[in-house]
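Take any residue in the sequence shown, note its place counting from 1, add 1, and you have its number in my numbering. Built from N, CA and C at the ideal position, the CB exists for glycine as well.
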Amino acid sequence: MARRQIDTRAEIRAVALQLFAEQGFEKTSLREIAERLGITKAALYYHFPSKSDLLSDVVAPLLTDVPAMLDAAERAGESDPRRILEGYFDVIARHRVVFMAMLSDIGALARLDVLPAVFGWRDRLQTLLVGPDASAADAARVTVAVGGLQDAAVMMGGGPAAEVRAAAVDAAYRALRT
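Now the structure itself:
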């Protein structure tokens, strides 16, 4: 029985993630998720008491993995911007559908109070990439580098991941050095 509950939660999470990424959190109903899965809304509520709880569960892996990547880089005293950019790309690419869902409905994330964590990543990345006393120009370069890197990781679709990764990291690195 416990195994089936885990499978059902995972199935609900996967379908919700797909729908959130395609049409946003607000436009996705619990009824639609339940129908897509062939379960009742009551069964869905058994696993997730609210749509916000479901969204929180869907984005949790990304919200855990990015800080873990940053923690590891900070602990290691990582100073090679390429390696930092590669690590960040890898995390975003691994969670690209979650990131797409996040971008499709920023308002929902604001209500979940997730945005401060995301902005915190940017601050930590900036410190790792250009140091704690970044000039305005350095901060702008980090914004362009990291934003472009995220976009490449999310938008790569079915393209060759290694090729996209190499090109995106190279472009982000050059943006930092210009």
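Chain-order list of residues whose beta-carbon lies under 6 Å from that of residue i (same chain, five-residue window excluded)
| i | result |
| --- | --- |
| residue 28 | none |
Other residues of its chain near residue i: CB distance less than 8 Å, five sequence neighbours each side excluded
| i | result |
| --- | --- |
| residue 100 | 63, 93, 151, 154, 155 |
Environment of residue i [buried if 16+ CB atoms lie within 10 Å]
| i | result |
| --- | --- |
| residue 120 | exposed |
| residue 42 | exposed |
| residue 166 | buried |
| residue 148 | exposed |
| residue 4 | The predicted position of residue 4 is uncertain, since its pLDDT is 49 and thus under 50; a value taken from the coordinates is nonetheless stated next. The residue is exposed, with fewer than 16 neighbouring Cβ atoms inside 10 Å. |
| residue 109 | buried |
| residue 142 | buried |
| residue 88 | buried |
Beta-carbon proximity of residue i to residue j, cut-off 8 Å
| i | j | result |
| --- | --- | --- |
| residue 244 | residue 85 | Since the first residue of the chain shown is 2 and the last is 179, residue 244 is not available in this structure. |
| residue 56 | residue 113 | yes |
| residue 174 | residue 83 | yes |
| residue 21 | residue 59 | yes |
| residue 180 | residue 146 | Because the chain here runs from 2 to 179, residue 180 falls outside it and cannot be looked at. |
Cβ neighbours of residue i in the same chain (closer than 7 Å, five flanking residues each side left out)
| i | result |
| --- | --- |
| residue 125 | 71 |
| residue 25 | 105, 106 |
| residue 30 | none |
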